[in-house]
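For reference, the structure is listed below as structure tokens.
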Amino acid sequence: MSVVLIQFGLWFLRKLLVGTLIVAVGLGLYGLFLYLQENVRVEVERQHLVERLHGELEEARLAVVDLESELDEVHDAIEKARTSADAAERILEGLESLQSYWDWLFLSTAEREEVKRRKQQALKRRNDNRLVEETLRDRLDAISFEQASIQGAIAVLDSHIAELEASPSKAVYYGKRAWERVRIPLMVALFLFFFGPTLWRLFSYYVLGRLIGLARPIVLDPDTQPRIGATTSHVSVDLPLGPDEVLWIKEEFLQASDEALKKRTRFILNWQIPFTCLACGLYELIEIHNSTKRSYSVTTSTQDRPTIEVAVVSIPPEAGAVIRPRFLAGLVSEGNHQLKIKRHWRIFSLQAWITLQFRYFEFRGPCRLVLAGSRGVRSEFLDGVAKDEPTGRRTNQDSTIGFTPDLRYRSTRAETFWSYYRGKNPLFDDLFQGSGAFFCQEISVKGRAGGVRAFWSQLWNAVTKVFGI
Numbered sequence: 012m013s014v015v016l017i018q019f020g021l022w023f024l025r026k027l028l029v030g031t032l033i034v035a036v037g038l039g040l041y042g043l044f045l046y047l048q049e050n051v052r053v054e055v056e057r058q059h060l061v062e063r064l065h066g067e068l069e070e071a072r073l074a075v076v077d078l079e080s081e082l083d084e085v086h087d088a089i090e091k092a093r094t095s096a097d098a099a100e101r102i103l104e105g106l107e108s109l110q111s112y113w114d115w116l117f118l119s120t121a122e123r124e125e126v127k128r129r130k131q132q133a134l135k136r137r138n139d140n141r142l143v144e145e146t147l148r149d150r151l152d153a154i155s156f157e158q159a160s161i162q163g164a165i166a167v168l169d170s171h172i173a174e175l176e177a178s179p180s181k182a183v184y185y186g187k188r189a190w191e192r193v194r195i196p197l198m199v200a201l202f203l204f205f206f207g208p209t210l211w212r213l214f215s216y217y218v219l220g221r222l223i224g225l226a227r228p229i230v231l232d233p234d235t236q237p238r239i240g241a242t243t244s245h246v247s248v249d250l251p252l253g254p255d256e257v258l259w260i261k262e263e264f265l266q267a268s269d270e271a272l273k274k275r276t277r278f279i280l281n282w283q284i285p286f287t288c289l290a291c292g293l294y295e296l297i298e299i300h301n302s303t304k305r306s307y308s309v310t311t312s313t314q315d316r317p318t319i320e321v322a323v324v325s326i327p328p329e330a331g332a333v334i335r336p337r338f339l340a341g342l343v344s345e346g347n348h349q350l351k352i353k354r355h356w357r358i359f360s361l362q363a364w365i366t367l368q369f370r371y372f373e374f375r376g377p378c379r380l381v382l383a384g385s386r387g388v389r390s391e392f393l394d395g396v397a398k399d400e401p402t403g404r405r406t407n408q409d410s411t412i413g414f415t416p417d418l419r420y421r422s423t424r425a426e427t428f429w430s431y432y433r434g435k436n437p438l439f440d441d442l443f444q445g446s447g448a449f450f451c452q453e454i455s456v457k458g459r460a461g462g463v464r465a466f467w468s469q470l471w472n473a474v475t476k477v478f479g480i
């Protein structure tokens, strides 16, 4: 019941966190959309206003050009009117000089009439030209006033346009400010994004990898222990249960069993390590007890994953095997012996920091372990090798299931840089030396999840590896 409540609590917490994240992201994105939409609208209006003001400015400048042309024409007309008026004035002065007594005395009547007529014409011409000049001067004043008004309007338009062009939208403003402040860190980040992984892999392989060879291996139990046994892996394995033997098995690996065996639910495999059991799936197990005096059998096989095969490792008394619990499909406690799980911590070991595994679980015999691995479980037995000999057996670190505690366990650099650089192999392989056995799955399975799922999956695998799970 407690496991069900824990599962419900974890499920509810995940749902609550995801729901809160969805609401926060939704509100943030919609708020950003509104902000950008408003800035785009304001920017479009500003651009339209600038274009309209530019049009008005162009019209005003064309009007000024027309006024200047008209002003030149008026100046020319005034000059012509003044010239004509001056000519008429000179004619009048000449005619006035004829009005002296002696000049007038010797003129004939016809000549006197002609002088009067010419005098009247000159006077009319002078007056008309002066009137035209006054009219043109009034027009000149009007044009000058209109020109000054248009020049003032042009100055206002220039100022308004300059102000609009000097004050872009907030998005552009903040974008420029952000670029000015973070362009150097951003360029560094881009450099690290594109070239950082390659530089790091080169440093890790050729520098860190060489230094790792100087670290001492991990030996959990230096004493030689009895030899353990292991079967060849198969898709299904018949597991015999003798009198008083108990099998704890994950439900997905239970294919068939004899009816005479007693079955019940085991919520947690070991209450001394409840969180470890929850993390590696060793909860809600099926406990099968043979309370009879004869032997029966249980068939183990996965029901959902066709690539998984199982093998049985037999651990005699006074022996043990270090196993990652997540590879356990089940285990058998023989006779009246209780299951014993020993924990080893190696916090101050350089090898532990290299592999990021600080805790190791050792299952002590007598017992049998049902191991599950992708494409099968391979058991390899090593004969005694002198400590000073650089020999041993190398295996992919992602494939390692477990080993006997009397082996010397260490990490060694991957065989080739290219395989590590391309992600085909991890940086370090596991190297086992000494006399004992180790177990690994035939192929390492990292999963094919993408994006966020891949990130959280890798993070979870890293966390569980730290605690030896």
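Going by our numbering, the sequence shown opens with residue 12, and the numbers climb by one from there. Note that CB positions come from ideal geometry on N, CA and C, so glycine has one too. From a predicted model like this one, the values you see are computed outputs, not experimental measurements.
Can you list, in chain order, the residues of its chain with a C-beta nearer than 8 Å to that of residue 82? Leave out the 5 residues immediately preceding and following it.
If you number the sequence shown from 1, residue 82 lands on position 71. 151, 154, 155, 158, listed in sequence order.
Would you identify the three-state DSSP class for residue 359, choosing helix, strand or coil?
As a position in the sequence shown, residue 359 is number 348, starting the count at 1. DSSP places residue 359 in coil when its eight states are reduced to three.
Three or more C-beta pairs below 8 Å linking the region 408–424 and the region 257–276
No: fewer than three Cβ pairs fall under 8 Å.
Spatially closest choice to residue 344 from 360, 354, 193, 379, by CA coordinates
In the sequence shown, residue 344 corresponds to position 333, counting from 1. For the residues 360, 354, 193, 379, the minimum Cα distance to residue 344 belongs to 379.
To test your reading of the DSSP string, which unbroken alpha helix (DSSP H) runs of 4 or more residues are found completely within the region 201–226?
Counting only runs of 4+ residues, the alpha helix (DSSP H) found wholly inside the region 201–226 occupies 220–223, in chain order.
Reducing DSSP to helix, strand and coil, say where residue 459 ends up.
Indexing the sequence shown from 1 puts residue 459 at position 448. Reliability fails at residue 459, whose pLDDT of 44 lies under 50, so the model's placement of it is uncertain and the value that follows must be treated cautiously. Looking at residue 459 - three-state DSSP - the assignment turns out to be coil, as it is neither helix nor strand.
Specify the secondary structure class of residue 21 as computed by DSSP and reduced to three states.
Position 10 of the sequence shown, counting from 1, holds the residue named residue 21. In the displayed model, residue 21 falls within a helix according to three-state DSSP.
Under the rule that 16 or more other beta-carbon atoms within 10 Å means buried, what is residue 168, buried or exposed?
As a working mapping, residue 168 is identified with position 157 in the sequence shown. Here residue 168 is buried: its Cβ has 16 or more other Cβ atoms, across all protein chains shown, within 10 Å.
Does the contact criterion of 3 or more C-beta pairs under 8 Å hold for the region 238–258 versus the region 318–335?
With the cut-off at 8 Å, the region 238–258 and the region 318–335 touch.
Tell whether a beta-carbon distance below 8 Å holds between residue 443 and residue 403.
Start at 1 with the first residue of the sequence shown, and residue 443 comes out as number 432. Start at 1 with the first residue of the sequence shown, and residue 403 comes out as number 392. Yes, the pair counts as a contact, with Cβ atoms nearer than the cut-off.
Under the three-state reduction of DSSP, which class applies to residue 252: helix, strand or coil?
Within the sequence shown, numbered from 1, the residue matching residue 252 stands at position 241. DSSP, read as helix, strand or coil, puts residue 252 in strand.
Cβ shell of residue 459 (< 6 Å), same chain only, five flanking positions each side left out
One-based indexing of the sequence shown puts residue 459 at position 448. Any reading at residue 459 must be qualified, since the residue scores a pLDDT of 44, below 50, and its modelled position is unreliable; the value itself is stated next. None.
For residue 424, count neighbouring Cβ atoms within 10 angstroms of its own Cβ and tell me buried if that reaches 16, exposed if not.
By one-based count along the sequence shown, residue 424 stands at place 413. Answer is buried; the Cβ neighbour count reaches 16.
Quick one: what's got a C-beta closer than 8 Å to residue 294's C-beta in the same chain, skipping five residues either side?
Start at 1 with the first residue of the sequence shown, and residue 294 comes out as number 283. Leaving aside the five residues that flank residue 294 on each side, the residues in its chain whose CB is nearer than 8 Å to its CB run, in chain order, 14, 278, 279, 280, 288.
CA nearest to the CA of residue 362, picked from 321, 422, 336
Here residue 362 corresponds to residue number 351 of the sequence shown, with the count starting at 1. Per the Cα distances, 422.
Short Cβ contact (8 Å threshold) for residue 78 with residue 161:
For the purposes of this step, residue 78 is taken as residue 67 along the sequence shown, with counting starting at 1. For the purposes of this step, residue 161 is taken as residue 150 along the sequence shown, with counting starting at 1. Inclusion of residue 78 and residue 161 in the CB contact set at 8 Å is warranted, their separation being smaller than that value.
First and last residue of the beta strand (DSSP E) that includes residue 330?
Working through the sequence shown from its first residue, we reach residue 330 at position 319. Residue 330: not part of any beta strand (DSSP E); DSSP gives it neither H nor E.
Contacts around residue 253, its chain only, beta-carbon distance under 6 Å, and the 5 residues preceding and following it disregarded
On the sequence shown, position 242 is the one that residue 253 refers to. Cβ neighbours of residue 253 beyond the five flanking positions: 306.
Using the Cα positions of residue 467 and residue 433, report the straight-line distance between them to the nearest angstrom.
Position 456 of the sequence shown holds residue 467. Position 422 of the sequence shown holds residue 433. Since pLDDT at residue 467 reaches only 46, below the 50 mark, its modelled position is unreliable, and the value read off the structure follows with that caveat. Rounded to whole angstroms, the separation of the alpha carbons of residue 433 and residue 467 is 21 Å.
Return the first residue and the last residue of the alpha helix (DSSP H) that residue 287 is part of.
By one-based count along the sequence shown, residue 287 stands at place 276. Residue 287 -> alpha helix (DSSP H) spans 285–291.
Please state if the CB of residue 374 and the CB of residue 331 are separated by a distance shorter than 8 Å.
Position 320 of the sequence shown, counted from the first residue, corresponds to residue 331. Position 363 of the sequence shown, counted from the first residue, corresponds to residue 374. A contact, by the Cβ cut-off of 8 Å.
What residue range does the alpha helix (DSSP H) around residue 430 cover?
The count along the sequence shown starts at 1 and reaches residue 430 at position 419. For residue 430, the uninterrupted alpha helix (DSSP H) run begins and ends at 428–432, by DSSP.
What does the alpha-carbon distance come out to for the pair residue 440 and residue 366?
Here residue 440 is taken as the residue at index 429 of the sequence shown, counted from 1. Here residue 366 is taken as the residue at index 355 of the sequence shown, counted from 1. Going by the C-alpha atoms only, they are around 10 Å apart.
Pairwise C-alpha distance: residue 321 and residue 246:
If you number the sequence shown from 1, residue 246 lands on position 235. If you number the sequence shown from 1, residue 321 lands on position 310. Whole-angstrom Cα-Cα distance: 6 Å.
Name the DSSP bridge partner or partners of residue 388?
Numbered from 1 along the sequence shown, position 377 holds the residue referred to as residue 388. For residue 388, the pairing in a beta bridge is given by DSSP as 452.
If we call anything under 8 Å between Cβ atoms a contact, is residue 236 one with residue 329?
Within the sequence shown, the letter at position 225 stands for residue 236. Within the sequence shown, the letter at position 318 stands for residue 329. The Cβ-Cβ distance between residue 236 and residue 329 falls below 8 Å.
Is it buried or exposed, residue 335, if we count other Cβ atoms within 10 angstroms and call 16 or more buried?
As a first step, residue 335 is located in the sequence shown; it is residue number 324 there, counting from the start. Classification of residue 335: buried, given that the 10 Å Cβ count is 16 or more.
Assuming contact is defined by CB atoms lying nearer than 8 Å, are residue 354 and residue 372 in contact in what I supplied?
As a first step, residue 354 must be located in the sequence shown, where it is residue number 343. As a first step, residue 372 must be located in the sequence shown, where it is residue number 361. Taking 8 Å as the cut-off, the Cβ atoms of residue 354 and residue 372 count as close.
If contacts are defined as beta-carbon pairs under 8 Å, then residue 339 and residue 311 qualify, I think. What distance do you get, rounded to the angstrom?
Looking up residue 339 in the sequence shown gives position 328. Looking up residue 311 in the sequence shown gives position 300. Cβ atoms of residue 339 and residue 311 stay farther apart than 8 Å, at about 12 Å.
If we count the other Cβ atoms within 10 Å of its Cβ and call it buried at 16 or more, is residue 301 buried or exposed?
Sequence index remark: in the sequence shown, residue 301 carries index 290 (1-based). When all chains shown are included, residue 301 counts as buried.
Please tell me whether, using a cut-off of 7 Å, the distance from the CB of residue 328 to the nearest non-hydrogen atom of the ligand NAD is below it.
For the ligand NAD, the structure offers nothing, since it holds no ligand at all.
Could you check where the beta strand (DSSP E) with residue 337 kicks off and where it finishes?
Working through the sequence shown from its first residue, we reach residue 337 at position 326. Annotation: residue 337 is outside any beta strand (DSSP E) and is labelled neither H nor E by DSSP.
Taking 7 Å as the limit between beta carbons, can you name the residues of its chain near residue 517, skipping five residues before and five after?
Given that the chain is displayed from residue 12 to residue 480, the structure contains no residue 517 and the question cannot be resolved.
Does DSSP put residue 409 in a helix, in a strand, or in coil?
Reading the sequence shown from its first residue, position 398 is the one you call residue 409. Helix.
Is the CB-CB distance between residue 291 and residue 389 below 8 Å?
Counting from one through the sequence shown, the residue named residue 291 turns up at place 280. Counting from one through the sequence shown, the residue named residue 389 turns up at place 378. Cβ distance not < 8 Å, so residue 291 and residue 389 don't count as in contact.
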